[in-house]
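A.B. asks: Below you will find the structure I want to go over with you.
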Amino acid sequence: MNGKMMAVMALAGGMILLGLMDQMAWSMGERVPAAGMPAVDFTLTDLEGRQQSLSQYRGKV
Numbered sequence: 156m157n158g159k160m161m162a163v164m165a166l167a168g169g170m171i172l173l174g175l176m177d178q179m180a181w182s183m184g185e186r187v188p189a190a191g192m193p194a195v196d197f198t199l200t201d202l203e204g205r206q207q208s209l210s211q212y213r214g215k216v
């Protein structure tokens, strides 16, 4: 095979491999929560260094 054909085959193989890896990662990933389900609690640090969690704001608008 000449160099051009090898490059095309390598590109096609890479695209197939990338598609398969993406499909596997998507099927193994976390599921999207259903509408109406409570959000998962998490904690972050604000700009002043204080811990802020989602549960602090439960019931507040």
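Numbering (this note's numbering) for the sequence shown: 156 to 216.
Virtual Cβ for every residue (Gly too), placed ideally from N, Cα, C.
1) Just to confirm, is the Cβ distance from A180 to P188 under 9 Å?
2) Hey, could you find the ends of the beta strand (DSSP E) S208 is sitting in?
3) To the nearest angstrom, how far is it from the Cα of Q207 to the Cα of V216?
4) Please report the straight-line C-alpha distance between M164 and I171, rounded to a whole angstrom.
5) Looking only at its own chain, which residues have a Cβ that is under 7 Å from the Cβ of L209, when we skip the five neighbours before and after it?
C.D. replies: So, to answer that:
1) Residue numbering aside, residue 180 sits at position 25 when the sequence shown is read from its first letter. Residue numbering aside, residue 188 sits at position 33 when the sequence shown is read from its first letter. By the CB criterion at 9 Å, A180 and P188 fall outside the cutoff.
2) For the purposes of this step, residue 208 is taken as residue 53 along the sequence shown, with counting starting at 1. From DSSP, the beta strand (DSSP E) with S208 extends over Q206 to S208.
3) Numbered from 1 along the sequence shown, position 52 holds the residue referred to as residue 207. Numbered from 1 along the sequence shown, position 61 holds the residue referred to as residue 216. For Q207 and V216, the distance between alpha carbons rounds to 16 Å.
4) To locate residue 164, count along the sequence shown from 1; it is residue 9. To locate residue 171, count along the sequence shown from 1; it is residue 16. Rounded to whole angstroms, M164 to I171 spans 11 Å at the Cα level.
5) Locating residue 209 in the sequence shown gives position 54, counting from the first residue. Result list for L209: A194, D196 and F197, in chain order.
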